[in-house]
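Below you'll find the structure, written out as structure tokens, and then a few comments.
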Amino acid sequence: MKRLFSLFCVTLMAAFAWAEVNYEVIPLPRSIELSKKGEVFTLAEGATVTWASGNEQMASNARLLAQYLSTDANFRVKAEADVKDAAIVLKIKNEKSKSKSENPEAYQLTVGKKGVVIEGASEEGVFRGLMTLRKAIGTEGGEQIELPFVTIKDEPRFGYRGVMLDCARHYFPVEFIKRYIDVLALHGCNQLHWHLTEDQGWRFEVKSMPELAQKGSVRQKTVIGRNAGIYDDQPYGGYYTQQECREIVAYAATRFINVIPEIDLPGHMLGALHVYPELGCTGGPYEVWPIWGVSRDVLCAGNPKTLEFLKKVYDELCDVFPSKLIHIGGDESPRDRWKECPKCQAKMKELGLTREAELQTYINKEMDKHLSAKGRTLIGWDETLEGGLSENGIVMSWRGMKGGIEAARQHHRVIMTPTDYCYIDYYQLKDDWSQPHGIGGYLPLSKVYSMEPIPAELNEEEGKFILGAQVNLWTEYVGYPDHALYMLLPRLDAISEVQWTPKEQKNFDAFKVRLERMEKLYDKIGYKYCHKTE
Ligand code: ACM
Ligand code: ZN
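Note that numbering that gives the first Met the number 0 numbers the sequence shown so that position 182 is 181, with each residue one more than the last.
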């Protein structure tokens, strides 16, 4: 009887050892053709994933796939170059068979008699393909995995698929930034927009001005709740050394994610003004802000030292971050001080300007020249349009879509990140008592999913100026890594289909079924997320 029972258990375990593979992952691939005959390829534990030697990015791809299958599904594969008849082959499409317009992120994933082949238009395409395989396998490994024969052809809808993280209101450790990058990579994102400076703290080391981060990163206290005038009386700080930033850039690069740094100017600058009060219109003193909101104190646009300061900061920023795109902020910069400042008024006269908004454009244009000379392109929040945007600038439309529409009509490139669809610091459930304390607002999963980044108001030509979409995680009320993940997931799942999947293929009910499998993966890896969805 005992033996019979053991036999029963072993049989049961063997049955469960077979993973249930499902290629309908998030974001949903463009085309999935399953074999009609229902054949499967059996991937056995210990199988090899191979690539042609001499390509470090492909080697990294293979090692990452092995690592993912191990952590997600407890399933071991070996990564080894140049192995004949390996069960998983990673390769790059040869130049001759590629069309000129081929998207470098395109890939084809085939499962057939001989095994799995992931062929990318580039190393990046291979990476996107192996992520699809990873998610299709999910969490259930065992000794073998039965992969149904399939041909998947896939490429993203938008070239810009971003997520912003505010590390200035709260500092997040380097290890968490890497974890955040892992989550982005899992969702096919390719841009981390890293918000590094604020009124509440300056978090980027500038070697030629060491006090900027040393002193500008520390606020003496933080308001409790929503600016009620009660404080914790605890100094709060932290900044990223240039070495750490480089480490993060390199980590992201292996996941084919570009890191766009943002130094917000000319507003949101109290961190810097605390250290260099002479750069403000009133001369200070200024404290690193212990409250939330928009400060009237901004950089003085009439002081020549302001541009000298900014150029020094951006020189070091560009040294550390290879990103072609550099974010100069530009949001929420009140012009009250400029109206009253003799230096700012003199500058307006000198330049023949009639509106203070044009002073911001003057700074933007100077920064544009400086960054363009380094081969970089600036991104600004949509306020940068108000005095006329510099020619090359890209607009990040956050106050609704109207800034983006106007910019696209002026033939500026646009990234759509409107508050109503993309501000994931808002509550995701109506019942805000069940949620961690937050900034307010209500942005449920279904609303994020419903976003269409190309507004109907634009004609086809103008629509081409929309580069993509992004969600933003502002962190006034988000001080801890698990809370940040909770705000991100599963709304990142929703935006990832907005960013990746052709709009005709989107379907919220089907998406929610796909999400159930993703949640199993989050549970396995230990990513916090909001279980309930609305
Ligand atoms: C912003 O939310 N102030 C860009
Ligand atoms: Zn001034």
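Using N, Cα and C, we set each Cβ at its ideal position, and we do this for glycine too. None of these values were measured; they are calculated from a predicted model.
- G525 counts as exposed, since fewer than 16 other beta carbons sit within 10 angstroms of its beta carbon.
- Residue pairing for Q107: DSSP places it in a beta bridge opposite E118, K152.
- The nearest non-hydrogen atom of the ligand ACM is less than 7 Å from the C-beta of E331.
- In this structure, the C-beta of W397 approaches the ligand ACM to less than 7 Å from one of its heavy atoms.
- Distances from the alpha-carbon of K342 to those of L278, E475, I438, S96 put L278 closest.
- The residues G379, W380, E382, T383, in chain order, have a CB closer than 6 Å to that of G329 in the same chain once the five nearest residues on each side in sequence are set aside.
- Taken in chain order, the complete alpha helix (DSSP H) segments of 4 or more residues contained in the region 260-296 are 269-274.
- In the three-state reduction of the DSSP assignment, M400 falls in the coil class, being assigned neither a helical nor a strand state.
- CA-to-CA, the gap between I494 and S332 works out to about 29 Å.
- Where A468 is concerned, the enclosing beta strand (DSSP E) starts and stops at 465-472.
- Take the alpha-carbon of L146 and the one of L370: they are about 49 Å apart.
- I176 sits in a helix when the DSSP states are folded into three classes.
- In terms of side-chain proximity, the C-beta atom of W193 is found no nearer than 7 Å to any non-hydrogen atom of the ligand ACM.
- In the DSSP assignment, G161 forms a beta bridge with Q190, Q469.
- Collapsing the DSSP output to three states places H482 in a helix.
- Boundaries around A249 are those of the alpha helix (DSSP H), 241-253, since no beta strand (DSSP E) includes it.
- Put simply, of K95, D165, K99 the residue whose alpha carbon is nearest the alpha carbon of T474 is D165.
- The DSSP-derived three-state label of N60 is helix.
- With respect to the C-alpha of A51, the residue from R75, K83, F40, G37 having the closest C-alpha is K83.
- The C-alpha of I151 lies about 57 Å from the C-alpha of P303.
- For N257, DSSP records a beta bridge to Q190.
- V497: not part of any beta strand (DSSP E); member of the alpha helix (DSSP H) spanning 490-499, first to last residue.
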